[in-house]
Amino acid sequence: MKETQPSLDKAEELLETDYNGALMIELHLIKNEYYIKVLYVNMDSLFMKTRAPRPVKICDGLTLCPLENFLKRMDKYRITEEEWYKQCNISYCDSTQPDNSIKLRKI
C-alpha cells in the first residue's frame, strides 16, 4: 500500500496490504442509518510520529459509506461456505451430515 490516501476504487490493492499492514472495518449507526468506515494502518508507523490509522476513501471519495453500498462493492469478494472450506484446505461437511465443526453465520 502506498503512503497516499488509500481508496476502495482499487479494492484488490487493499486486500493485499503491506507486510505489517492491517485494515480495520468499523460499523457506525448515524441517524438510524448504518455506515462503514475503513481504516488502514501500517504497524511500522507505530514507531513513527503518525501512529493513527488512516481513513480509506470508500465511497466516491468519502470515508463513510452506507452499508448497502459497501456490501454491493464487496459482493464480488464473497465466497460460499463450501468455497471457504476449500480455500482453507478443510474438508467440507454439508448440513445433512452431522459434525462438530464451527458453523459460519450467513449474512
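Positions in the sequence shown are counted from 1; adding 4 to them yields the numbering used here. Note that CB positions come from ideal geometry on N, CA and C, so glycine has one too.
Checking the DSSP bridge columns, you'll see Cys-92 has no partner listed.
Distance from the Cα of Lys-76 is smallest, within the candidate group Gln-91, Thr-84, Trp-88 and Ile-62, for Ile-62.
Closest in alpha carbon position to Met-47, among Tyr-23, Tyr-96 and Ile-34, is Tyr-23. The beta carbon of Tyr-39 sits closer than 7 Å to those of His-32, Leu-68, Cys-69, Pro-70 and Leu-71, all from its chain and outside the five residues before and after it, given in chain order. When Asn-36, Phe-74 and Leu-27 are compared, the shortest CA-CA separation from Tyr-44 is found for Leu-27. Residue Phe-74 holds the alpha-carbon nearest to the alpha-carbon of Asp-64 among Ile-34, Phe-74, Arg-58 and Pro-57. Leu-75: member of the alpha helix (DSSP H) spanning 71–78, first to last residue. Annotation: Tyr-89 to Lys-80 spans about 18 Å, alpha carbon to alpha carbon. Under DSSP, Arg-58 takes part in a beta bridge, and its partners are Tyr-44. The three-state secondary structure of Tyr-81, taken from DSSP, is helix.
Within its own chain, the residues whose Cβ lies closer than 8 Å to the Cβ of Ser-95, once the five positions on either side in sequence are excluded, are Tyr-89, listed in chain order.
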